[in-house]
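Undergrad: Chains as they are written, first to last, in numbering that gives the first Met the number 0: chain A, 0 to 624; chain B, 0 to 740.
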Amino acid sequence: MSSIIRRMIALFWTLIAGHKVFQHPFEPPRFLTLETAQYYMAQIVDPLIDRGHFAAITLTRNRLFSQLLDNLNKSAIVGFPHTTLARRLKTAWNGDASQLVVYDDVQLAVNAYDDVQLAVNAFRAYCLENNLLDFSLQVELFCGILWQNNTFQKYFQTQYQHLIYDNAEEDPPYVHDIVKSWTKNLESSLVIMDEGGGLRSFLGADPISASALSTTADIALRFDQNFVSPPPIQAVIEQISSTPFQKLPLSTLSAALLIPQAQPRFFPELLYNVCQEISELVQNGTPAHEIAVLSPFLSDPLVFELSRRLGKAGIPVQTLRPSLALNANPHVQTVLTLASLAYPAWQMPPDLFQTQAALSIAIPRLDPLRSHLLLKQAISDDNRVTTLPLIEDLPEEISVRIPQDVAHRYETLRSWLASSDPDEPLDYFISRLFSDVLSQPGFGFAESQLAGEDTARLIESYQKFKLPLSADPQADASFLGKEYYRSLRQGLLSALYLPDDEIVGEPGVLISPVMTFLMQNRPVRHQFWLNLGSKGWYERLEQPLTHPYVLNRQWQSGKKWTTDNEVELAHFNLQRTLSGLLLRCSGQVHLCSSTYSEGGTEERGLLLTWAQNLFRSALREDQNG
Amino acid sequence: MAEETLRESQKKVLEYRSGFMGISAVPGSGKTWTLSHLAAKLLLTVDLKPDQEILVVTFSNSAADNFTSRIGRIVREYGLLEGYGYRVRTLHSLAGDIIRERPELAGLGNDFRILDDSESDEILDDLCQDQLTSREAFFRQLLKDDLSAKQADKEMRPPDGGIPKLLKELAVSFIRSAKNEGLLPADLAQRLRTRPVTPLFQVLADLYTAYQDRLKLLGAVDFEDLIYFAWKCLRTDNELVAQLAHRWPFILEDEAQDSSKQQQDILRLITEKSGNWVRVGDPNQAIYQSFTTADPRLLKEFLSRPDVLSLDLPESGRSCQAIIDLANRLNHWVQTSHPNLDVRDSLSYPTIIPTGANDPQQNPATLPDSLSMISTPFSSEEELNFIVKDVKAWLNRHPEDTVAVLASLNSRVSDIANVFKVHKIDYVDVLMNVPRETQETIGSVVNLLKLIFYPLDQKVAARAIRVFYRHLRDDAALNSEVATALAWFNQLDRLEDFFYPNEEDTLTSFHDREEAAASLLADFRAAVLRWHQAVYLPFDQLMLVIAQDLPLEAFELATVHKASAYIKTQMDSHPEWSPLDFIGILTDIAKNERKFFSVTQTEDTFNPDLYKGKVILCTCHKAKGLEWDKVFLTSVNNYDFPSGADTDAFISEKWFIADRRNLQAEILAELASVISSDAPPAYPGIGKLEDRNKVIRDRLRLFYVGITRAKSSLTISYNTGRGSGKPALAYQALLEGSHHV
C-alpha cells in the first residue's frame, strides 16, 4: 500500500497543492525514506537534546529519533492528529498523581512526552516548510485529501476491478479503512487473514481491525484444520491455550517435545549438542531443509558458529534474517573506504586496517601482509591513511617485495583515485570506480555478481539519501557525499536500509529468528528452539517515548497501561508464538537450553518455566501412575 | 551435614516456615550452608505455584555462583529438579531483572546496557580531565600554601597527581551518594537554582550532569543506576510490586550487613505483603561503609524489630581457640574500652563459640605458633623482609597448607608482590579481578589477533604459533616438532613469502626435510589465511572466528564469547576506536589490569585448597568469605587502622590539601544538606569527625575480618610507615593483653 500511496501523491500532487498544506505547494514533493526522515529528525532533535530536553530518557540518539518518527507514523496509520500524541501517552501513564509529586523524576518521565510533542511538531513544521514527505505525512495526505477527492476517486477506481488482499492481519487499520471503502466499487475482492497472526503489532498491525473487515464480506470461509502437525504436537497446541494449566501424559509430551538428558552449562556446549543432533537426524535420512534452528534473536556469532559447525559436517545451511547493515557489507566497506581517500575534503580518512582490508578486497593478489607493508609507508601518527603511496616513491627494499602484476594493479587503482574529481557526485564516483577499475579483470569485483549487486545497492541508497537533500542550494556534491558517509558511519542510516529479510545460502538447515520464520509460513519436520530462557519469545519492544498498544485504535481512551497489561500481553504473545511454531511443525520440537545463556547470564523467561512445568507435572503423573 | 548432626542454632534456622527472620552469623559459622539448606527445605515444604520461586539474594557474583551450585546439590539430593523453583541473584542482577519488567518506567528501552566499573571509570576520567583543564586555577587554590611550585605541578599532573586522583574519588562518592538518595542531575540543578553552593560542590554537580549525559548517549546505566531505577520502578508501580511479590513469596538475603538503604527498600517492598524475608549477615563484617552506601545499622535495626525472629549462628569450626579468643577479645575491647565512645558500636555480640564435641566441623587445635603478634616497630621495608622470611619458613614447614598474606591497602599488596617476585616466592593473584584461566584464554586470543593487525612482526608471529599449538605442550614428541617448526620459522626473512608465497613456496623445501614440523606450519598458515578472509568482520566476531580454530574447552570458549560480548559493548560506545584499541582492552584483561566478569571453570568459586604451597596475596577486603590455614595480617598500624587519636592520620585527609581538609566529608555533608534542604553547613571542617568515625568503625571491622580468616595460625605485624607510625590502637590493646613476640 505504501508504494501505491507514494505513486498517487506524486501523480496527484497538484490536488494536494491546492489545499495549501505546504509552504511551497507548487514546488515538487520530496519523499523521505525512513533513513532520510531519521536524518532530518536528527537535525531537529539534536539541538533540543543539547538544550536539556529528553533528560529523563536513557536512549541512544538513533533510537530516540526512530521512536519519535514511530509516534508520527502511529498517529497517521491509526488515524488521530499527531498533535494529540503527548496527551494520549500521558493519559495512559500509570504513575498516579501523588507519586508524581513525591517522585520528581517520574514527573520528568511524563514530561518527556511533552518533549515528544515538541519534537514531532517541529519536525512536521519543517517538513511542511520544505515539501518533505515522511511516511506519516504521505499517509495523512493520501487518506485525508486524495482518498476524499472525487477526481482522484474517479481515476483510482477505474484502475482496478478485482482485489486480492493477503495477510490483512499484518497491516495497520488505515489500510483496512481504505480496502473497506475500495471494495464497494470493485467487481470482486478476496481478503485473506491468519487468525493467529498480527505478529507486526509493534509496527501498528491491527488483527482486530482486519477481523472487522472480514465481517463485511458476502462469503466468509474459515480453514481451521491443521494438515501439518502430528497428534502429539496438536495436543501441545491445545495445552497452550488451556486455562487452568492442563497436564499432558509424558508419552504425548515426549513425542512432541524433546529435552536433552543433561543441560549443558555453557552456550557453546549447547551449540555443539545441537549440531550433533542435527547431524544424526540428517544421517538418519531427514532432509536438511526439513530442520529449522530458531531463536528469538539471531546474533552474528550464533549464525556464524552454527553455519561453521554444520558446514564442517557437510550439512547445507540457509539463514533467514534481517539483512546485514549496509556498512557491514565488505564490498560496501571497500568502496566507501576508497571513496574516503578520493574525497579528502570530507576529512574522514580511513585507518590503516580499513584501508588494508579494502585494498585486499579490491586487488585479490594484494594480500594483507603486502598491503600492510605498502601502507605503513604512508600512515599518519594516528594510524590514518590520507593518500595511497606511489610504488615508485617506496624504498627499494619495500617495493621489491610487491610482485610486478600486483604493483601494476595497485598503481592503476591509486592513480585512478588520485585523478578523480573531488567535486564529482558520490554515486557517479562509485559507478565509475566499479566500472573503470573494480570490475576489471584482476580486480576484486570482477565476475562477482554479488559485488555488483552490493555496489548497486550502495548507489541506490545514496541516491535515495540525496534526493530530498539536494533541493537545498547549499548542498553541493561534496556536502552530500560527506553527510552520507558520516550518517552511515554513525549508524543513522545503516540499520534501516533494506529492512526486508534476506535469505542466504542454498536450501538446507534453516537458521532463523522466530518471528521471521513465522512470517515465512513454511512448515518443517524438526524445530530446534534455542535460548529458551530469553524474554524475547514474548516481550514487546520497550520504547519509552512511544507505545504501540496505547497508540492503537483498540486502546480505550483514558485507561492506564499497567504491569497487569504487560503481563497479559506477554502471555498472549507467548501463546501466539508457540502456537504459530507448533502449527508449522510436522515432527518434533527440540528444546535447547544451557544454564548460562548466549550472553553469559542465567535467564528464566516464561517459555522455560512453561516447559519445566509441563515436564515436571508429566513426570509426577507418570511416577504416580 | 546430616540432619542429626545439625547444631542447635542451625536447627532453629531450618525450622523457619514463614515471617521475618534475622540471623547474626559469626565468621565461619556456615551461613551459606545454612541458607542453602533453608532454600532447599522451603522448596520441599512450601507448595509453590508453577510461576513462583524462592529468591536468594547475595552480594557478589562469586557468592551467587556458590549458592547456585550448593542449592543445586542439595536439591538433587532431595530428588527435585535442579534449577527449578529457586533463583539466586546478586542485588545488582536482581535490580536488572526488576527494571527489565518495565524499562519504560525508568525511561529506558529494553536494550539498555549496563556499564561495568572500568567503563564508567573511563568516562569519569575523561570528564575529570576536562574539569581540571578548564578550572585549573580553582584546583590549585585547594593545595597547601607551602608546596613548592614543582611539588604543586606534580600534584596537579594527571593521571597520578594528588588532585586528579582526589577529584575522581570525590566524583565517585558524590555521584554514588546522590543516586543513593534518588537525586538525579535535573533535580539537583532545580535545587541549586535557589541555593548557593561552594565552588567545589558546583564542579561535582557539573561532573554529575555531564556523566549522566554521557550515559544517556550510550543508552547505558551504571551499577548505581541499576539499584536506583529498580527502586524507582517499585515505588512507582504497585502492580509491579504485586507481580514480583507473587513470583518470589520468600526472599533469603545473604550478607545483609552490606545492603544500602535503597537495596534494602527493594527487598522490603517485594516482601511487604508476604512478610517472608530472611536476612543473614554479620554486622561485624561490614567493611564497606566508609566508601560505599552500605549501612550495617540497617541490619541491626531489622534484627531488633519486634516482629522479627532474631537468631544467632555463634558456633564456628573455622579457627583454633587462640584465634577465636583474639577475635572475641577485640570485639569485647571495642565495645567496652575503645577510648572513642562513638565507635564502640563498631562490633557487636554474639562472640564466636567453638563447635561442640560431636560437630562434624571441629576447630583446629591450638599450637604453640598459632598466634604470633609482632610488637617490633618495623620500618616499611623491615616489615617486608620479615614477611618474606617468615613466609618462606612457613612454606618449608607446611607445604600442604594454605597461606595468605593480607594488607588493607592495594598499594601495600603491590609492594609485597614486588618483594615476593624478587625473592622468588610463588604467589597467586587469583583474588584479583580476572581468574588465571580467563587470563590465559583471553591471552591466547589476543596473541592471535595481534598477528592479524601486526602481520609483519616476526616475534608476534612466532608467539602466535606457540599459542596455536599450546595444547601440544604436554606431548614431548609433538612439542619438539613445534620447536623445530619455530626454529625454521624464525629464520624467515619475509613473512609475506611464507603466508602468501608468490612463486615458490618455501615451506615445500622444509617439508622435504621435516615433514611433521612443516605440516604444523602449513596448518597454522591455513588458519591465518582463513582469519584474513574474516578481517572485514566486526572485531567482536573476528575474535570468535579465531577462537573456533583453537582447541578450547567449553568454559574457555564461553570465556571468549563473554569477552566478545564485552568488546561489542565497547565498540558500541566507541565507534571511532580502531582494532588496536580493542586489542589493548583484551591485553589489559589478560594481564589482570582490567575488571572482567568471566565464567568460571568449575561450579565452585575460588577454593584456596587448590593453591597449597603457594601464597595467596590480597587485600583484607577481598579476603572476606575466605579462610586459610595460615594468615599473615600485615601493616596493622594507625594509618591503615586509625582510632581517632590526635596522632592518627586519615587517608581521606590529604596531606597536599590546605589545612588537611577532608574534602570528601565536606562535600558529602553539603550534599546531605542540599537533599534535606537544611541550611548550608559551615565550612571548612564539616563532616570530618563523622567521616573519621566511619573510617574507624570500618577499619575495626576490617581488623576483625583479617583475624578471622586464619584457621590454625595467625601472624600480625605493623610498620611505622614514614617514621611516625604506631601500631593500631586496637592492636596495641590486644598486644598488651597477650604474650607477644
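Backbone N, C-alpha and C define an ideal beta-carbon position, used for all residues, glycine too.
Here the structure is a predicted model, which means the values were calculated and not measured.
Is the beta carbon of A:Gln160 sitting closer than 9 Å to the one on A:Leu189?
TA: Cβ distance not < 9 Å, so A:Gln160 and A:Leu189 don't count as in contact.
Undergrad: Report the neighbours of B:Tyr83 on chain A: residues whose CB is nearer than 8 Å to its CB, in chain order.
TA: Going along chain A in sequence order, the residues near B:Tyr83 (Cβ under 8 Å) are Gln611, Arg615.
Undergrad: Exposed or buried, which one is A:Ser241 when buried takes at least 16 other CB atoms within 10 Å?
TA: It counts as exposed.
Undergrad: Once you ignore the five residues that flank A:Ile207 on each side, which residues in its own chain have a CB closer than 7 Å to its CB?
TA: These residues qualify, in order along the chain: Gln553.
Undergrad: What residues of chain B sit near A:Arg62, judged by a beta carbon separation below 7 Å?
TA: Those within 7 Å of A:Arg62 in chain B are Gly108, Gly218.
Undergrad: Along chain A, which residues have their Cβ under 7 Å away from the Cβ of B:Ala540?
TA: With the sequence shown as reference, residue 540 of chain B is identified as Gln, and Ala is not the correct amino acid for it. By Cβ distance, chain A contributes Asp299, Pro300, Phe303.
Undergrad: If distances are taken between C-alpha atoms only, which option among B:His91, B:Arg691, B:Glu555 comes closest to A:Glu268?
TA: Residue B:Glu555 is the option with its Cα nearest to A:Glu268.
Undergrad: Unbroken alpha helix (DSSP H) runs of length 4 or more, entirely within the segment 497-568 of chain B: which are they?
TA: Runs found: 505-512, 514-532, 538-547.
Undergrad: Buried or exposed for A:Gly313, please, with buried defined as at least 16 other CB atoms from any protein chain shown within 10 angstroms of its CB.
TA: With fewer than 16 other Cβ atoms within 10 Å, it is exposed.
Undergrad: Can you name, in chain order, every residue of its own chain whose Cβ lies under 8 Å from the Cβ of B:Thr235, other than the five neighbours on each side?
TA: The answer, listed in chain order, is Leu104.
Undergrad: Can you grab the Cα-Cα spacing for the pair A:Ile56 / A:Ser596, in whole Å?
TA: Each residue's Cα considered, the two are about 28 Å apart.
Undergrad: What three-state label does DSSP hand A:Trp536 in the structure shown?
TA: A:Trp536: helix per DSSP, three-state reduction.
Undergrad: Which residues, in chain order, does the segment 502-514 of chain A contribute to contact with chain B at a C-beta distance below 7 Å?
TA: Going along the segment 502-514 of chain A in chain order, one finds no residue with a Cβ nearer than 7 Å to chain B.
Undergrad: Going by other Cβ atoms of all chains shown within 10 Å of its Cβ, with 16 needed for buried, is A:Ile3 buried or exposed?
TA: A:Ile3 should be labelled exposed.
Undergrad: Name, please, each residue of chain B whose Cβ falls closer than 8 Å to the Cβ of A:Ala332.
TA: Reading the sequence as shown, one finds Gln at residue 332 of chain A and not Ala. Chain B residues near A:Gln332: Tyr535.
Undergrad: Alpha carbon to alpha carbon, what distance is there between B:Ser723 and B:Ala63?
TA: So the two alpha carbons sit approximately 43 Å from each other.
Undergrad: Do A:Lys73 and A:Leu550 come within 9 Å of each other at the CB atom, strictly closer than that value?
TA: Closer than 9 Å, so yes.
Undergrad: B:Asn636 bridges to which residues according to DSSP?
TA: DSSP output for B:Asn636 lists B:Pro726 as bridge partner(s).
Undergrad: What's the gap between the Cα of A:Leu58 and the Cα of A:Ala356?
TA: Going from the Cα of A:Leu58 to the Cα of A:Ala356 covers about 33 Å.
Undergrad: Quick one, are the C-beta atoms of A:His18 and A:Pro24 less than 9 Å apart?
TA: Result yes, Cβ atoms of A:His18 and A:Pro24 sit closer than 9 Å.
Undergrad: Flag this pair as yes or no: are the beta carbons of B:Leu42 and B:Tyr77 separated by less than 9 Å?
TA: Contact flag set, yes.
Undergrad: Does chain A have any CB closer than 9 Å to the CB of B:Glu100?
TA: B:Glu100 counts as touching chain A.
Undergrad: If you reduce the DSSP assignment to three classes, tell me which class A:Leu99 lands in.
TA: The predicted model places A:Leu99 with a pLDDT of 34, which falls under 50 and marks its position as unreliable, so this point remains unresolved.
Undergrad: Compute the distance between the beta-carbons of A:Pro263 and A:Ser593, then report whether it is under 9 Å.
TA: Cβ distance < 9 Å, so A:Pro263 and A:Ser593 count as in contact.
Undergrad: How many whole angstroms separate the CB atoms of A:Ile15 and A:Ile144, which I take to be in contact at a CB cut-off of 8 Å?
TA: Contact holds; Cβ gap of about 5 Å.
Undergrad: At a CB-CB cut-off below 8 Å, which residues of chain B make contact with A:Val566?
TA: Under the 8 Å cutoff, chain B gives Gln242.
Undergrad: A:Ile401 by DSSP, collapsed to three states: which one?
TA: Note: A:Ile401 maps to coil in three-state DSSP.
Undergrad: Going straight from the alpha carbon of A:Gln137 to that of A:Val20, what length do you get?
TA: Taking the straight line from one Cα to the other gives about 12 Å.
Undergrad: Could you tell me if A:Tyr427 is buried or exposed, where buried requires 16 or more neighbouring beta carbons within 10 angstroms of its beta carbon?
TA: A:Tyr427 comes out exposed.
Undergrad: Quick one: give me the first and last residue of the alpha helix (DSSP H) that B:Thr89 is part of.
TA: From DSSP, B:Thr89 is part of no alpha helix (DSSP H) but of the beta strand (DSSP E) over 85-89.
Undergrad: My assumption, with CB atoms under 8 Å, is that B:Lys143 sits in contact with B:Phe655. Please give the rounded CB distance.
TA: That belief holds up - the Cβ atoms of B:Lys143 and B:Phe655 are roughly 6 Å apart, short of 8 Å.
Undergrad: Just to make sure I have the definition right: I need the residues of chain B whose C-beta is within less than 8 Å of the C-beta of A:Asn382. Which are they?
TA: What A:Asn382 touches in chain B: Ser577, Leu579.
Undergrad: Sorted by chain position, which residues of the same chain lie with C-beta nearer than 6 Å to B:Ala516's C-beta, five sequence neighbours on each side aside?
TA: Contacts found: Glu480, Thr483, Ala484.
Undergrad: Output the distance between the C-alpha atoms of A:Leu256 and A:His589, rounded to the nearest integer angstrom.
TA: Going by the C-alpha atoms only, they are around 6 Å apart.
Undergrad: Note down the Cα distance separating B:Tyr15 from A:Leu198, rounded to an integer number of angstroms.
TA: Cα-Cα distance, rounded: 47 Å.
Undergrad: Return the residue from the list B:Val74, B:Asp221, B:Leu47, B:Leu165 that minimises the CA-CA distance to B:Arg112.
TA: Of the listed residues, the one whose Cα sits closest to B:Arg112 is B:Asp221.
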